[in-house]
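Each step along the first sequence adds one to the number in this note's numbering, with nothing skipped, and position 31 is 22. Beta carbons are placed, not taken as given, at the ideal position from N, Cα and C, and that holds for glycine. Quantities reported herein were computed from a predicted structural model and do not represent experimental measurements. One structure below.
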Amino acid sequence: MTIIPPVDFNLQSTINSHGWYDLPPFRTNEHKSELETIISLSKLKHVHIRIREMNSVVEIVPMNKTIRLSKTEKEKIKNIVRSMLRIDEQLNVFYLLCKKEKHLRWVPKRQAGRILRSPTMFEDIVKMMFTTNCSWALTKIMTEHLTHKLGAKTSDGLFSFPAAETIAKKSEKWLRKEISCGYRAPYLLKLCKDISNKKIDVESFRSSDISTEELYEKLCSIKGIGHYAAGNILKLIGRYDYLGIDSWVRKRFSELHKNGRKVSDDVIEQHYNRYGTWRGLICLMEVTADWHT
DNA sequence: GCGTCCAGGTCTACC
DNA sequence: GGTAGACCTGGACGC
C-alpha cells in the first residue's frame, strides 16, 4: 500500500512532532524514520503496520505477511494513515508565516508542523488525559498497562489500543490497580461508558464543522480534560487557536523569551496572539525546535 | 532500604 | 469569578 504525499510532507518530522511515537501501540526506530502501530479494522481484526517513506512515497507494510486484506480494508488503512500523518493538511499559509520569522525559518525547511495523531480520536483523548498531572514516565506506564492488559494481541505479539467498550466493562477499582491511572480512573471510565452508550461521539470531532470555541467547550466537558488537555487535543484536530499551556511550555517560553524569568500564562497568551489562528502551532514549534535539530 | 517531599493538571468546595 | 486543597504516582533526596 502506498500514498503519494504532498511535496511539503516529511515523515520523520511528523513522527518527531511530539511524544506520541513513544506511547504504545506506536513504536519507532532509532532515527524516527519509520513508525509502527496497530490499526483495528474491527473487534477481531487488528493489523500491525509499518510506515516508511521511500523516494517521496509513503509505504504501508502489514507486518503479518499471512494476513489477508480486502480492497476495502486496504483503503480503510490508507485513509487512517493519511489522517494519522496529517497528509491532507494544508500548511501553505502557516509556512509563509514561519518564513517571515527568522527563528522559525527551520519549520518549512524541515517540513515540520504536521502533528502525529492516533488512528482514533478516542485514543488521542485517553492518551492526553494520561499526560495530565504526571511525569512522562507515568504516562508511558499507564498507556502500556492499558494496551497490554486490555488490548488485543496480534500474531506478532503486539497489543492494540483497547476499544472504549472494552475499558467500560472494567471497574474503577480495577483501572486504578491495573492501569495505575489513580484518580483518573473514574474519568476514564465515564468517558468510555459515555462512548459505549452513545452519549458522546468523539470520532466526529475531527470532521466537525462547529466552531473551535464550541469544540473546546465540548472537550472541557469531558471529566479529566481541562484547559491544557483540550487545547492540545484541538491541535490534533487541526485547530490551533489554543496554546494548551503546561509546565513544559512555561519553562521553554521563559528560557526562550524572558531569560529564564517566570511569567504568567496571560503573558504567554499575549505573545502568541499576533499569530492568529496558527498561534498554537507556532508555540509548539518554538518550544520543540531543539527536538528537530 | 525507607520515609519524606515535590511536581504535574483537573476537579470541587468554598468565599 | 477566583482560590485553596485534594487527588495519585514516580522520582529525587536525605537519612
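Under the three-state DSSP convention, the category residue i falls into
i	result
V258	helix
F150	strand
S195	helix
E25	strand
M50	Residue identity check: residue 50 is Glu in the sequence provided, not Met. Three-state result, E50: strand.
T19	strand
K164	helix
I(-6)	strand
K131	helix
Rounded C-alpha distance that separates residue i from residue j
i	j	result
S245	K253	6 Å
G229	R197	8 Å
K168	A176	9 Å
M75	D257	32 Å
L180	G235	24 Å
K62	T145	21 Å
R101	N1	7 Å
S202	D147	43 Å
D281	L275	11 Å
I259	I78	30 Å
K34	I170	21 Å
Continuous beta strand (DSSP E) stretch holding residue i: start and end
i	result
H303	Outside the displayed span of the chain (-8 to 284) sits residue 303, for which this structure offers no information.
R41	H37 to M45
Buried/exposed call for residue i, threshold 16 Cβ in 10 Å
i	result
A128	exposed
H39	buried
Y174	exposed
L166	buried
M45	exposed
K91	exposed
L227	buried
K242	exposed
Contact set for residue i: own chain, Cβ-Cβ below 6 Å, skip 5 residues either direction
i	result
I71	I30 and P110
K184	A159
Q3	K23 and S24
E50	T(-7) and R43
I186	A155
L26	I6, T19 and I42
Sequence-distant residues of the same chain with beta carbon closer than 7 Å to residue i, five excluded per side
i	result
I(-5)	V48
S195	none
D13	K131
Delimiting residues of the alpha helix (DSSP H) encompassing residue i
i	result
N223	H218 to I228
M285	For the chain, the structure presents residues -8 to 284; residue 285 sits outside this window and is missing.
H9	Element bounds for H9: n/a, residue is neither H nor E.
E66	K62 to L76
F244	S238 to H248
K253	Here K253 belongs to no alpha helix (DSSP H), and DSSP marks it neither H nor E.
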